[in-house]
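Numbering (this note's numbering), first residue to last: 7 to 548.
Here you go:
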């Protein structure tokens, strides 16, 4: 097996060049990160400028997160070139099951809850830290027999010919290895909550980047040696162990006084408070990634891998909303009491920026779908399915950005239960439609239902906003970027026969002009853009 992948004729010279460049990039990124750590760890002059602190805590983690996402994307490019399509689909299936489902259950919402409790009750922070750590470890143990039951049921359905394929011994081994990552992940998540609760966001982001560099190196080594998805899963486990080690060292470095063993808090209240957070995360996972499981079950791993190419690209688009939302969230909280008009203005202004960005990304990605998917997965087996999947699925973005912001508005209003109900409704609709339509229409149905699910999610949230007197002209916010996208997309489509990259550039320019002349880019956005440009200019010393 070790030589099987190396003898594949599809592993071209360009693929090996990509491996070499990626390896050099990992070394260079590691060097830059270590140099940044050395500079960042130097004593700083005390300052009362809280805006500088907030800016550093937002901008540096954003940059590091972007670097981590790019690492994942480039590694995916290599993975698609070295493994057969069906093998990639089998690994994606195992990763979705373990990371998105068992990982969510094992966390139980404790990362968010622990961060909140550490900020709210700093005197009990060590007890909170220890309690959530031991709870996570216990959940990881409980997840093991549940995973065995899942494998038995899934293979039983395959034997009864209800599903198209069962799980081979190799795929079961991959699931078993990935399940072991839940244990080091428990430690990493507990320390992450501690660091976030003490506003050490940069430290947590740096550790995550170092972990991703190490994990990529481990997985890449296993891949080029020909150990297949078992080797990649083992590399992921090694990366999880490295993450736990680095977070442990970070804890020793910044908080050596915290004891890992000692008094704990009663578990029942934490489990009760964490349950709504778990439910929200689980319901979101059901309506966002359950289609991958159904595609694998009814159409095989080749189809699910083809659909997964689109998601690899779409994942990059999810970096921006949390940054924008975290920036506006304090304002929403301050105005949630008796200034609903001000809260509505802040909500509308932020939503306008997000929708402008979402429609722009969607229309440009649609025009450039062929080169984007070919660039990521340069194998004919992925085409044209991955192109169609991207062209449809990317249009969930406006709804996704809308719902991401709206949820935080509702949280600021103190109506978190409404979010759980909305997720529950959406999960039921999504699950029912996927089970009904995916067996017949494959990834076309999965992509379309993803868009529809965002609409279903927003409807109950919108009713809450109306009851709470948060009034915005939603049609006005949507029609300008939607019309600009329609005009830009039509123009780009006409140019596809000449040159696809020319079509993409023209699409972006026409869309930007459409926003400007329609008034969707207001004075606030223009001033913000000018400020950002000034900050990007090099500063000259007198």
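Beta carbons are placed, not taken as given, at the ideal position from N, Cα and C, and that holds for glycine.
*Take the Cβ of residue 218 as the centre, count every other Cβ of all protein chains shown within 10 Å, and call the residue buried at 16 or more, exposed below.*
buried
_Once the 5 residues before and after residue 338 are set aside, which same chain residues still bring their CB inside 8 Å of it?_
349, 352, 353, 414, 415 and 418
*Contact between the stretch 479-491 and the stretch 510-529 (3+ Cβ pairs under 8 Å)*: yes
*What is the DSSP secondary structure of residue 106, counted as helix, strand or coil?*
helix
*Does the stretch 363-381 touch the stretch 390-407, meaning 3 or more C-beta pairs lie closer than 8 Å?*
yes
*List the endpoints of the continuous alpha helix (DSSP H) containing residue 317.*
307-320
*Terminal residues of the continuous alpha helix (DSSP H) containing residue 383?*
Segment: none, residue 383 is in no alpha helix (DSSP H) and carries neither H nor E.
*Spatial distance of residue 455 from residue 476 (CA atoms)*: 28 Å
*Exposed or buried, residue 53, counting other C-beta atoms within 10 Å across all chains shown (16 or more means buried)?*
Residue placement at residue 53 is poorly supported in this model, since its pLDDT is 45, which falls under 50; the coordinates still yield a value, given next. With fewer than 16 Cβ atoms within 10 Å of its Cβ, residue 53 is classed as exposed.
*Could you tell me whether the Cβ atoms of residue 463 and residue 432 are closer together than 8 Å?*
yes
_Comparing C-alpha positions only, which one of 141, 449 and 215 sits nearest to residue 193?_
141
*Segment limits, alpha helix (DSSP H) that includes residue 578*: The question about residue 578 has no answer, for the chain in this structure spans 7 to 548.
*What residue range is occupied by the uninterrupted alpha helix (DSSP H) comprising residue 447?*
422-473
*The alpha helix (DSSP H) spanning residue 237 covers which residue range?*
234-260
*Report yes if the CB atom of residue 498 is closer than 8 Å to the CB atom of residue 490, and no otherwise.*
no
*Spatial neighbours of residue 222 within its chain, please: CB distance less than 7 Å, with the 5 preceding and 5 following residues excluded, ordered by chain position.*
32, 77 and 81
*Taking the continuous alpha helix (DSSP H) assigned at residue 98, which residues delimit it?*
91-101
_Where residue 377 falls: helix, strand or coil (DSSP)_ = helix
*Got a sec? Which residues, its chain only, sit under 6 Å from residue 358 by beta carbon, not counting five neighbours each side?*
483
*Check whether the Cβ atoms of residue 457 and residue 451 sit closer than 8 Å, and answer yes or no.*
no
*asked:* Does residue 125 pass the burial test, meaning 16 or more other C-beta atoms within 10 Å, or should it be called exposed?
replied: exposed
_Limits of the unbroken alpha helix (DSSP H) element including residue 124_ = 116-126
*Between the Cα of residue 245 and the Cα atoms of 186, 311 and 94, which residue gives the shortest distance?*
186
*Select from 472, 22 and 97 the residue whose C-alpha is nearest the C-alpha of residue 230.*
22
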